[in-house]
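To start, the structure under review is shown below, and the notes come after it.
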Ligand code: HEM
Ligand code: SF4
Ligand code: SF4
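Written out as structure tokens, the structure reads:
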């Protein structure tokens, strides 16, 4: 029943969208996909996978396919802030582009600082033009952390020398939906790690409009395009977890759906890279896997057109889709319990683990107790 | 002190300083700890030891089976299961004790300790006693102010361990109680700064408890030796010996 009414709602939304003008009247997405050598069958296979990823019943596949074909009705503005462009690269630079990246590549043409042809004054003008022409209709995707306040000058972009903060604020003002792509724009990322010299902040701190976070370093291509398809289908924002991440992608920990989980519960751990356990595919917990603290769907969606993902290839999860993961996840190749504390006791406890500090305190206490006991025996306490 | 205690006998057997065994009407036997109190103390003590042992293993699994293709006994899962089962025993003991402290009739002598807690003179005398300067202060309740402070701190750590433990728990079991607690626990998780820090905090709190245990046992033994009121026996039999004045 419920899925019936949802089906109808989505169908009518797609009908509405289909009347809107296309990005380029001479090109259509189905045509583009065919030109790049994908058969209709392959395209429908992709749509079926996308349907299941978005946790919709299989009979929604034609709708998802249609949504993908209508992706060029919603103009996309993609801004780069303080970042490494890894998120864009994750989508764009593959030797055999997937349907995800094809669609994305095409709809990004409106304004995407990496792939657009324009530069300098022209680029600046294009952005203003797009924001004016599609006011209230465009989807804004932002990559990168944003130096804020007195530190905003650390990011100055373009011919007018505008700060990133200003760019982001303006673009967010009239966007239909705002997505922070990658951990940097979702949570600040590497440049926001302590001591955060440029005061880099997540997009959600820059604008007071609702921001959907799609973190990951980088997020998988399917999480980026899935977020887009979801918005096209529903027209509303997805169910979000406590960090404003779409639940369909970030609802479970890496650890919950990890292929090595059986090894974890069995207590079979890789002790050191390259050992016998590593060859047998044992759990990577002891060599630093942070899967138990990280919410993402990497094990299901994988990377590079579903080829592999970190844990499959034998390296632990680094916790990249969590807030402040550079600061909270400890040493990459050690379990969390072995993280080092740098500043405890004015440097006395520098580079010690919690266990070492605990043992130290225990020793000091034991010595104090022994001294107190000895004195008490010599000089009996008064009762 | 005797005002809050139930007198169970007026004439008691007495062993005096010189070692003479005899009857002394100046020493009385008082019910210090109720049966529920003593049971939960020992259940909690054993559960804490077990939680520390399993906790260390969960943090860094030191024993691992050899790398073979033989069927396994799911060692890590077992450790975790026991940790969680005993964790709930610990939670029950702490909740029971908190209830007793606040409401139970027999525990007025515990609540009376609050009066000593806010009395600076008792504080000064208590510190003086442990510094071997003056006599032990006369108390209204069963705990001296330093002891009360230490226990307060212990309960703070215990409840923090329970909250952080439950946050970790809802990510291990997603159904039943886990499902029920999921949303509230996740809000606390975010307030604390993410799951990784929750785990770290859980670990640090364990060290707080270990330090507490060491000091706790030392002071208990110290009192047993020097004050000679049967302090350690009291947590088993329930009664303490007090001078009647
Ligand atoms: C005296 C009390 C306790 C002590 C000393 C203790 C100790 C520990 C330690 C050291 C860890 C490993 C943390 C790390 O990785 O660094 C841990 C994990 C854990 N504890 Fe406790 N704990 C206590 C109470 C509890 C309670 C009351 C619960 C609630 C049921 C609980 C549930 C858990 C869970 C679920 C984990 C994580 C297991 C996993 O994710 O595989 N603990 N505990
Ligand atoms: S490899 Fe990492 S995510 Fe997978 S089971 Fe082990 S600890 Fe969990
Ligand atoms: S496995 Fe972990 S570190 Fe790697 S991409 Fe996924 S969430 Fe990020």
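Residue numbers (the working numbering), protein chains in the order written: chain A, 1 to 383; chain B, 1 to 245.
Even for Gly, the Cβ is constructed at its ideal location relative to N, Cα and C.
Within 10 Å of its beta-carbon, does residue i have 16 or more other beta-carbons around it, so buried, or fewer, so exposed?
i, result
"residue 195 of chain A", "exposed"
"residue 286 of chain A", "buried"
"residue 55 of chain A", "exposed"
"residue 161 of chain A", "exposed"
"residue 174 of chain B", "exposed"
"residue 18 of chain A", "exposed"
"residue 211 of chain A", "buried"
"residue 363 of chain A", "exposed"
"residue 202 of chain B", "buried"
"residue 116 of chain B", "buried"
"residue 245 of chain A", "buried"
"residue 374 of chain A", "exposed"
"residue 183 of chain A", "buried"
"residue 152 of chain A", "buried"
"residue 4 of chain A", "exposed"
"residue 240 of chain B", "buried"
"residue 7 of chain B", "With a pLDDT of 43 at residue 7 of chain B, under the threshold of 50, the predicted position of this residue should be treated as unreliable, though the coordinate-derived value follows. When all chains shown are included, residue 7 of chain B counts as exposed."
"residue 120 of chain A", "exposed"
"residue 200 of chain B", "buried"
"residue 200 of chain A", "buried"
"residue 229 of chain B", "buried"
"residue 9 of chain B", "In this prediction, residue 9 of chain B scores a pLDDT of 41, lower than 50, which makes its location untrustworthy; the coordinate-derived value is nonetheless stated afterwards. Flag for residue 9 of chain B reads exposed."
"residue 236 of chain A", "exposed"
"residue 351 of chain A", "exposed"
My understanding is that residue i touches residue j, with C-beta atoms under 8 Å, so please give their C-beta distance in whole angstroms.
i, j, result
"residue 216 of chain A", "residue 210 of chain B", "Not really, about 38 Å apart at Cβ, beyond 8 Å."
"residue 384 of chain A", "residue 116 of chain A", "Because chain A spans 1 through 383 in this model, residue 384 of chain A falls outside it and cannot be assessed."
"residue 60 of chain A", "residue 51 of chain A", "5 Å"
"residue 258 of chain A", "residue 269 of chain A", "Residue 258 of chain A to residue 269 of chain A, Cβ: 13 Å. No contact."
Determine, using beta carbons only, whether residue i and residue j come nearer to each other than 8 Å.
i, j, result
"residue 76 of chain B", "residue 264 of chain A", "yes"
"residue 198 of chain B", "residue 177 of chain B", "no"
"residue 316 of chain A", "residue 64 of chain B", "no"
"residue 238 of chain B", "residue 99 of chain B", "no"
"residue 58 of chain B", "residue 41 of chain B", "no"
"residue 391 of chain A", "residue 148 of chain A", "Because residue 391 of chain A is not part of the residues shown, which for chain A are 1 to 383, the question remains open."
"residue 73 of chain A", "residue 36 of chain A", "no"
"residue 83 of chain A", "residue 143 of chain A", "yes"
"residue 155 of chain A", "residue 146 of chain A", "yes"
"residue 87 of chain A", "residue 219 of chain A", "yes"
"residue 340 of chain A", "residue 328 of chain A", "no"
"residue 158 of chain A", "residue 123 of chain A", "yes"
"residue 27 of chain B", "residue 243 of chain B", "yes"
"residue 187 of chain A", "residue 324 of chain A", "yes"
"residue 81 of chain A", "residue 168 of chain A", "yes"
"residue 226 of chain B", "residue 381 of chain A", "yes"
"residue 295 of chain A", "residue 227 of chain A", "no"
"residue 205 of chain B", "residue 160 of chain B", "yes"
"residue 100 of chain A", "residue 91 of chain A", "yes"
"residue 104 of chain B", "residue 43 of chain B", "no"
"residue 104 of chain A", "residue 224 of chain A", "yes"
"residue 134 of chain B", "residue 128 of chain B", "yes"
Can you give me the start and stop residues for the alpha helix (DSSP H) that residue i sits inside?
i, result
"residue 360 of chain A", "354-378"
"residue 241 of chain B", "Here residue 241 of chain B belongs to no alpha helix (DSSP H); instead the beta strand (DSSP E) covers 239-243."
"residue 141 of chain A", "No alpha helix (DSSP H) contains residue 141 of chain A, which is instead part of the beta strand (DSSP E) from 139-143."
"residue 221 of chain B", "195-226"
"residue 109 of chain B", "108-111"
"residue 60 of chain B", "No alpha helix (DSSP H) contains residue 60 of chain B, which DSSP labels as neither H nor E."
"residue 86 of chain B", "75-103"
"residue 64 of chain A", "61-69"
"residue 142 of chain B", "Note, residue 142 of chain B: premise wrong, no alpha helix (DSSP H); not H, not E."
Taking the continuous beta strand (DSSP E) assigned at residue i, which residues delimit it?
i, result
"residue 191 of chain B", "Note, residue 191 of chain B: premise wrong, no beta strand (DSSP E); alpha helix (DSSP H) at 177-192."
"residue 179 of chain A", "177-181"
"residue 80 of chain A", "76-80"
"residue 29 of chain B", "27-31"
"residue 122 of chain B", "Per DSSP, residue 122 of chain B belongs to no beta strand (DSSP E); it is in the alpha helix (DSSP H), 120-130."
"residue 223 of chain A", "No beta strand (DSSP E) contains residue 223 of chain A, which is instead part of the alpha helix (DSSP H) from 221-234."
Against chain A: residues of the segment 207-218 of chain B by CB proximity under 8 Å: 207, 210, 211, 214, 215 and 218
For the segment 107-141 of chain B, which residues have a CB atom closer than 7 Å to at least one CB atom of chain A, in sequence order? 129, 132, 134, 135 and 136
Contacting positions in the segment 250-264 of chain A - beta carbon closer than 7 Å to chain B: 253 and 264
If you measure beta-carbon to beta-carbon, which residues of the segment 52-78 of chain B are closer than 7 Å to chain A? 59, 60, 61, 64, 65, 67, 72, 74, 75, 76 and 77
Residues in the segment 178-192 of chain B with C-beta within 8 Å of chain A's C-beta atoms, listed in sequence order? 186, 187, 189 and 190
Using a Cβ cut-off of 8 Å, which residues of the segment 156-176 of chain A contact any Cβ in chain B, in chain order? none
Under 8 Å, CB to CB, which of the residues in the segment 263-285 of chain A have a partner in chain B? 264, 265, 266, 267, 268, 269, 271, 275, 276, 277, 280, 282 and 285
Beta carbons nearer than 8 Å to chain B: which residues of the segment 360-377 of chain A have them? 361, 362, 365, 366, 369, 372, 373, 375 and 376
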